[in-house]
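Residue numbers (the numbering used here), protein chains in the order written: chain C, 1 to 341; chain V, 1001 to 1341.
Protein chains: 2
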Amino acid sequence: MRIALDAMGGDYAPATTVEGAVEALLENNALSVVLVGDEAELSSELEKKNCKALRISIKHASQTVEMDESPLTALRRKKDSSLRVAVDLVKSNGADAMVSAGNSGVVMATALHVLGKIQGIERPAIAAVMPTLKGLFVLIDAGANVDCKPVHLFQFAVMGEAYARHIFNIDNPKIGLLGIGEEDAKGNELTRETFKLLRNSQINFAGNVEGKDIFAGEADVVVCDGFVGNIALKISEGLAEAIAKMLKREISERAAGRLGYLFFRQALRNFKKKTDYSEYGGAPLLGINKPCIISHGRSTSKAIKNAIKLAANIHAKGVLDVISKEFDKGLSGRETVAVQK
Amino acid sequence: MRIALDAMGGDYAPATTVEGAVEALLENNALSVVLVGDEAELSSELEKKNCKALRISIKHASQTVEMDESPLTALRRKKDSSLRVAVDLVKSNGADAMVSAGNSGVVMATALHVLGKIQGIERPAIAAVMPTLKGLFVLIDAGANVDCKPVHLFQFAVMGEAYARHIFNIDNPKIGLLGIGEEDAKGNELTRETFKLLRNSQINFAGNVEGKDIFAGEADVVVCDGFVGNIALKISEGLAEAIAKMLKREISERAAGRLGYLFFRQALRNFKKKTDYSEYGGAPLLGINKPCIISHGRSTSKAIKNAIKLAANIHAKGVLDVISKEFDKGLSGRETVAVQK
């Protein structure tokens, strides 16, 4: 499997991207990686790694996309950016999948523009992973679409289901609709309509799930629009960080606490590992014709390594083909909408 | 100050409501409380407390509102419920403010129906309080309105500002709009329009704030629609609980951890206190003509005590008069909308 890596994307690129690629190749013999970006910089990074025998190559790109650049500007003016060249490489079949830790808005726009959508999909969505007391759940959409219609949310459910089933090996994943009450009729206009679509479909629909229940593992896939999903994701990140800081401060304020902290540190480390985004590597942009992984801007080499492995896994398991077939079988949501009308 | 307490509302009523009322009276000599509900039950609870000298009375109500009852049904069929009688008491000037830990949808509908809105307010909103690393922030709307227009969010900002200033003594509170990016143009249709309204007003507007920043204390008032706000609140509750459980599990799985836990426990308790809703007692339904406090269904006696003190405080500081005057002065948002058009 050949992965195109936007080696210039992310806050710590290209050091962490090159490092992450090398780590991924060391762990998986079936992989090869094309580092896309400034040839001189990337060669120099690669030389430090002393890994000539690995299945790694460089493809030059003269531009980079800035973190605050608008998708439109980038699409027009950055046709030789590391991101664009990586996506073009997938389009021309020079790679099977793409990974970028760059400007996520530009990654989405570029993937959509160059690679296009799976037939029947109206809006691609970001599928993020979050930890629960039992394991994990898939949050979809985590930020690709800020204003959605019921049929979009329905399609997110179908895509999230395929992702949870094939990548996280969850049998018959339970789909929950993120809402503000468990009763069927609770929610806003969007979720009330989506509720009806999901209830009348073949999906294993668990009904509305509340924010307080999702970390208890009440659903394997949690569906919402990208505005709500992104807020849910960022609030969780922010609160987890704030809690860790509050606890540390509490501990350091008292001597017994400081002593306790020595014992406690390992538990805190294991806990952090469970809630650490870098364990999951990144979030696929589902609904695009080829696997595209969006990684956190702050990605470490470990996050890049895991994102590369995730991209390869989505390709190997044929997740996009599964989604495509489900939409062919009449799970696009359009039929259900038509029946209800 | 006279507080009407829906003594039958909440999961642990009437034991916790009566207990909370007695605690509030012991702490504040200027208070009197009317317990509204089943006379026999309340008398029996009060007798246990042995507090005849306190400024407490009982007003009989023959019905109670169930937690799963719809607002419409309750309004029609429960005209002698403990909630309704408590609200009626405020309306007839038999009390200055009202507290209920009952069905929040019914509390809102009843308060709106019986007491009405402050002139100029389009939608009353729930103002919840959440902890930050520096102190706290006010989240408005925390769940009263699921589908909002920009002018509603603008009004929430004005009400939240008055609440933060007069109840939490924050000088010139910074107002943030909950969104998914710090740039002005980021967000969904609703927040992009609201952004313009807030920027063109006299409000101390700090721009968009992201979920990851709110716990760092970037804004004193965080404005959003009630759907997003309720999800933000519930996710925070759920995640904080899940993190506490994960940590405890991590600790109990290893011997050194168990030892560490002994030292660590006090820190954990102090931390819990900071994130404990019962410290704040409840959330006012701002925009109603009289102070109405909605408390958590799971309210302990401490939460009820603090809710009663909050109700008294809002009345004493004249927060609703402040809001009313600001709307008279042209801060209803309507003028700003008109200017932009």
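Every residue, glycine too, gets a C-beta built ideally from N, C-alpha and C.
For residue 1236 of chain V, the residues of chain C that pass the 8 Å Cβ criterion are 211, 235 and 239, in the order they occur in the chain. Looking only at C:168, C:306 and C:198, the smallest Cα-Cα distance to residue 279 of chain C is reached by C:306. Using a CB distance cut-off of 8 Å, residue 230 of chain C counts as an interface residue toward chain V. C:124 is the residue among C:124, C:93 and C:69 whose C-alpha sits nearest the C-alpha of residue 155 of chain C. Residue-level contact by beta carbon fails for residue 1126 of chain V and chain C, as no gap is shorter than 8 Å.
Judged by pairs of C-beta atoms under 8 Å, the stretch 1057-1072 of chain V does not touch the stretch 302-317 of chain C, as fewer than three such pairs exist. Using a Cβ-Cβ cut-off of 8 Å, residue 1325 of chain V does not count as an interface residue toward chain C, since no Cβ of chain C sits closer than that to its own.
Residue 1212 of chain V sits buried, since 16 or more C-beta atoms from the chains shown fall within 10 Å of its C-beta.
Scanning C:216, C:161 and C:78 for the CA closest to the CA of residue 135 of chain C turns up C:216.
DSSP places residue 1208 of chain V in no alpha helix (DSSP H) but in the uninterrupted beta strand (DSSP E) bounded by 1205-1210.
Here DSSP, grouped into helix, strand and coil, assigns residue 1117 of chain V to strand.
Close to residue 1143 of chain V, with beta-carbon spacing below 8 Å, are these residues of chain C in chain order: 180. Residues are counted here when their Cβ sits less than 7 Å from a Cβ of chain C; for the stretch 1176-1202 of chain V these are 1178, 1180, 1187, 1188 and 1189, given in chain order. Using beta-carbon distances, residue 1133 of chain V counts as an interface residue toward chain C, with a partner under 8 Å. Contact between the stretch 88-98 of chain C and the stretch 289-297 of chain C is established, with three or more Cβ pairs separated by less than 8 Å.
If you look at residue 71 of chain C, you'll find it isn't in any beta strand (DSSP E); it sits in the alpha helix (DSSP H) that goes 71-77. Secondary structure note for residue 143 of chain C: it is in no alpha helix (DSSP H), with a DSSP letter that is neither H nor E. At a cut-off of 8 Å between beta carbons, residue 219 of chain C makes no contact with chain V.
At a C-beta separation below 9 Å, residue 1156 of chain V has no neighbours in chain C, since its nearest C-beta there lies roughly 16 Å away. Counted as a single uninterrupted DSSP element, the beta strand (DSSP E) harbouring residue 1002 of chain V occupies residues 1002-1006. Around residue 1301 of chain V, the same chain offers 1016, 1019, 1020 and 1023 as residues with beta carbons nearer than 7 Å, after the five sequence neighbours per side are excluded. Contact with chain V is absent for residue 108 of chain C, since none of that chain's Cβ atoms lies less than 8 Å from the residue's Cβ. Under the criterion of beta carbons closer than 8 Å, residue 1142 of chain V and residue 1010 of chain V do not qualify as touching, at roughly 18 Å. The Cβ neighbour count for residue 1048 of chain V, taken over all protein chains shown within 10 Å, is under 16; the residue is labelled exposed. The C-beta of residue 1104 of chain V has 16 or more other C-beta atoms within 10 Å across all chains shown, which makes the residue buried. Contact of residue 1059 of chain V with chain C by beta-carbon distance below 8 Å is absent, the smallest such distance being about 31 Å. Excluding the 5 residues flanking it on each side, residue 1171 of chain V has same chain C-beta neighbours closer than 8 Å at 1165, in chain order. Its chain contains 22 as the residues whose beta carbon lies nearer than 7 Å to that of residue 51 of chain C, once the 5 sequence neighbours on both sides are disregarded; these appear in chain order.
By the criterion of at least three beta-carbon pairs nearer than 8 Å, the stretch 1175-1193 of chain V is not in contact with the stretch 1086-1093 of chain V. Among the CB atoms of chain C, one or more fall inside 8 Å of the CB of residue 1216 of chain V. The C-beta of residue 1227 of chain V comes closer than 8 Å to at least one C-beta of chain C. Bridge pairing for residue 1060 of chain V: V:1037 [DSSP]. Spatial neighbours of residue 1091 of chain V in its own chain (CB-CB distance under 7 Å, excluding positions within 5 residues in sequence) are listed in chain order as 1114 and 1115. Nearest C-alpha to residue 27 of chain C among C:54, C:40 and C:149: C:54.
With respect to the 8 Å criterion, residue 161 of chain C and residue 221 of chain C are classified as neighbours on the basis of their beta carbons. When secondary structure is reduced to three states using DSSP, residue 100 of chain C falls in the strand class.
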